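Input: a single structure, listed below in structure tokens.
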Amino acid sequence: MPIFMKSCGTGDNACHSEVAYGASKDQACRGWLSLKDMPLGAKYYGGMLDGQSTGCPDRTLYERLTELDAWQVCDNNLKRYIVPCDVNASYLFDKIDDGPYCGEVPGKTSAPMPSGKVMDPGEREIVRAWILAGTPRVNGDVVDCGGGAGGSGGAGGGPNGQAPQAQINHPGDMEMRPANQDIPFIGVATDAEDGDLGGGSLVWTSNVSGVIGTGLQFNAPLPAGTHVITLTATDSDKNTGTDSLTLYIQ
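So, in structure tokens, the structure goes:
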């Protein structure tokens, strides 16, 4: 995800490195978020306790994001970094979308991410679409958000106005395509309040490959397998609409 590359770093001693994690058994194995893409948590990685056991299990980056609380108090409740299908419950998205910013104790708020940098709106919408799509993994695993393929509908995400309508015009549903060759993807989206949508407000995902593109039109190759392709449109009120189809890639 682009936010991982733009935050305060994943180097050997950066604030999101394995050294910073320090899982705490007496705090449900929470610790400072490490964005390093490797299993972490069973031992300390720096300081006087380097190499010693924490009493916690190792967790992959995906597991740390989706299973651990962010150690930030929001309305007297702890929020997880990522809750698949639920943008509003995902604290990582709060941090890149102008809040709300919570804190380690009530009344003390944290800072936005990425620190001192401007995040491209299209990249932010990619993160949103990934969450709304059920946080698909590269191995094809995805959380079922309760929606169905092949239709257009709203997925919520905002309190105001109507959800936009998204439509995939190309390719067609149930088509067979050769693997690793560019496929043209074309779609449209309209919103009652905003009119025609485009750019970073349209995000395309595959349940196998994750995010494959943004905007009204682009080309992208897909690996072999059965892909559920989803177009997610997001309006200015953060309401979302989706359209999906299935491709057989051989």
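When you line the sequence shown up against this note's numbering, it's residues 1363 to 1612, in that order.
For every residue, glycine included, the Cβ atom is placed at its ideal position computed from N, Cα and C.
Bear in mind the structure is a predicted one, so any value in this text is a computation, not a measurement.
Under the three-state DSSP convention, the category residue i falls into
| i | result |
| --- | --- |
| Ile1545 | strand |
| Leu1564 | strand |
| Val1505 | coil |
| Gln1389 | helix |
| Val1590 | strand |
| Ala1595 | strand |
| Asp1553 | strand |
| Tyr1610 | strand |
| Asp1605 | strand |
| Val1489 | helix |
| Asp1459 | coil |
| Gly1577 | coil |
| Gly1331 | This structure does not reach residue 1331, given that the chain is present from 1363 up to 1612, and the question cannot be answered. |
| Ala1525 | coil |
| Gly1518 | Summary for Gly1518: the model assigns pLDDT 46, below 50, so the residue's position carries little reliability; its value from the coordinates is reported in the next sentence. Three-state result, Gly1518: strand. |
| Ala1382 | helix |
| Gly1513 | For Gly1513, the predicted structure reports a pLDDT of 37, less than 50, and the residue's modelled location is therefore unreliable. The matter cannot be settled from this model. |
8 Å contact criterion, which residue i and residue j should meet: CB distance rounded
| i | j | result |
| --- | --- | --- |
| Thr1497 | Pro1546 | So it is not a contact: roughly 27 Å between Cβ atoms. |
| Cys1464 | Lys1441 | 7 Å |
| Gly1587 | Ile1611 | 6 Å |
| Gly1502 | Asn1569 | 6 Å |
Same chain, Cβ closer than 6 Å to residue i, five either side skipped, listed in chain order
| i | result |
| --- | --- |
| Thr1422 | Pro1401 |
| Thr1592 | Ala1495, Thr1567, Thr1604, Ser1606 |
| Gly1562 | Pro1483, Gly1484, Glu1487, Thr1576 |
| Tyr1443 | Leu1427, Ala1432, Tyr1453, Leu1454 |
| Glu1555 | Gly1523 |
| Asp1448 | none |
| Val1565 | Glu1487, Ile1488, Ala1491, Thr1576, Thr1594 |
| Asp1544 | Asn1581, Pro1583 |
| Ile1548 | Asn1531, His1532, Gln1579 |
Beta-carbon contacts of residue i that lie in its chain and below 8 Å, excluding the five residues immediately before and after
| i | result |
| --- | --- |
| Gln1527 | Ser1514, Ala1551, Thr1552, Asp1553, Ala1595, Gly1603 |
Neighbourhood of residue i by C-beta, 7 Å cutoff - its chain only, sequence neighbours within 5 removed
| i | result |
| --- | --- |
| Arg1499 | Tyr1424 |
| Lys1679 | The chain is shown only over 1363 to 1612; residue 1679 falls outside these bounds and no answer can be derived. |
- Task: List in chain order: all unbroken beta strand (DSSP E) runs of 3+ residues lying wholly within the region 1391-1453.
- Result: 1431-1436, 1439-1442
- Does the region 1442-1458 come within contact of the region 1529-1538, defined as at least 3 CB pairs closer than 8 Å? no
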